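In the working numbering, the protein residues as written are 33 to 339. Notes for the one structure printed next.
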Ligand code: GLU
């Protein structure tokens, strides 16, 4: 098959269904959709529900995304339906000698002297080279191990459409927690590859995780995606937006008389693609979208925005 015949790749939005989406999440979702749709990509939604979830919030998140005008391809993927897939990947990495069992508590990690030349915050290597006897002792103590990747690099470079070539730390990070749950940094990589995702658009709080994820992707044999880590939405104290900031979800804003059209307008305005009071549909934004012109600074959202 000629390269030109290959199906286009995909973008995605991957919320954690732990509550309703706030304006910051919605803005990131709009950007992910715009990046995908303006480059001929499919757009997928994945519910990252391996951690704490709030009953029904997946359905409310999907409803809100649709109300803004987003559409997506295929079925929504739920990570809890994919546990066997993650386990196979983790087992393969183990069989290839790419992982080790880690018996450390969080406290032991914090208190351990860091390895020479290791970057700040890196796993100190305590369990990396345990002898068989030491490992047997730890096992016998009864605390189940987490599984860590045996990284053979200390940093890795990714390509980011907003941040350029970004090099960040890679350490022996956890791929499976000691309760058996696959770690986010592993699941996200396995899922993106399975869904054909080659463009990852998300909040720039995750920029520093991308080298670990791209590195483990190459270990598994997946191509690394191209990233776009987009600025966050902050409150008037310049802290990441949260439910504590009052009416920041579509439901709460609607209760105050702020409809979804106005929210879409203000999101588009904050990105520089619409006038402050101009009615816009996402299809209009497709025509105006210019990734090079995106703001590089966070959007400071105050309640005045809706006055
Ligand atoms: N589930 C993550 C979140 O809601 C996003 C993960 C990702 O986009 O890679 O913050």
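Ideal placement from N, C-alpha and C gives every residue a C-beta, glycine not left out. Just so we're clear, the structure is a prediction, and the values are computed from it rather than from any experiment.
- Short of 8 Å from the beta carbon of residue 75, and not among the five residues preceding or following it, lie these beta carbons of its own chain, in chain order: 42, 43, 44, 45, 64, 65, 68, 69, 102, 103, 104, 105.
- Set against 7 Å, the gap from the CB of residue 48 to the closest heavy atom of ligand 1 is smaller.
- Only residues of its own chain outside the window of five on either side were considered, and among them 293, 297 have a CB closer than 7 Å to the CB of residue 311, listed in chain order.
- For residue 270, no alpha helix (DSSP H) run applies, since DSSP gives it neither H nor E.
- The residue among 216, 206, 163, 173 with its C-alpha nearest the C-alpha of residue 155 is 206.
- Fewer than three pairs of CB atoms, one per stretch, sit closer than 8 Å, so the segment 212-223 makes no contact with the segment 161-172.
- Within the DSSP bridge table, the entry for residue 247 names no partner.
- Non-local beta-carbon contacts of residue 177 in its own chain, meaning distances under 8 Å to residues more than five positions away in sequence, involve 133, 134, 135, 159, 170, 171, 210 in chain order.
- Nearest Cα to residue 175 within the set 262, 138, 254, 316: 138.
- Bridge partners of residue 222 according to DSSP: none are assigned.
- Residue 117 places its beta carbon 8 Å or farther from that of residue 221.
- Assigned with DSSP and collapsed to three states, residue 41 falls in coil, not helix or strand.
- Between the segment 276-283 and the segment 71-89, the count of Cβ pairs shorter than 8 Å is below three; the stretches do not touch.
- Remark: the C-beta of residue 234 is in contact range of ligand 1, defined as less than 7 Å to any heavy atom.
- Ranked by how close their Cα comes to the Cα of residue 199, the residues 173, 241, 62 have 241 in first place.
- Residue 304 holds the alpha-carbon nearest to the alpha-carbon of residue 318 among 173, 304, 295, 329.
- CA-CA distance, residue 262 to residue 300, rounds to 14 Å.
- Counting along the chain, the unbroken beta strand (DSSP E) around residue 133 starts and ends at 131-134.
- As summarised for the segment 67-126, the continuous beta strand (DSSP E) elements at least 3 residues long and confined to that stretch are 74-79, given in chain order.
- Look at residue 171 here: in three-state DSSP terms it is helix.
- Note on residue 131: 16 or more other CB atoms within 10 angstroms of its CB, so buried under the neighbour-count rule.
- Excluding five sequence positions before and after residue 265, the CB atoms of its chain that fall closer than 7 Å to its own CB belong to 55, 56, 59, 273, 330, 331, 333, given in chain order.
- Taking C-beta atoms as the reference points, residue 233 and residue 256 fail to come closer than 8 Å.
- The alpha-carbon separation between residue 248 and residue 219 amounts to approximately 11 Å.
- Annotated three-state conformation of residue 325 is helix, per DSSP.
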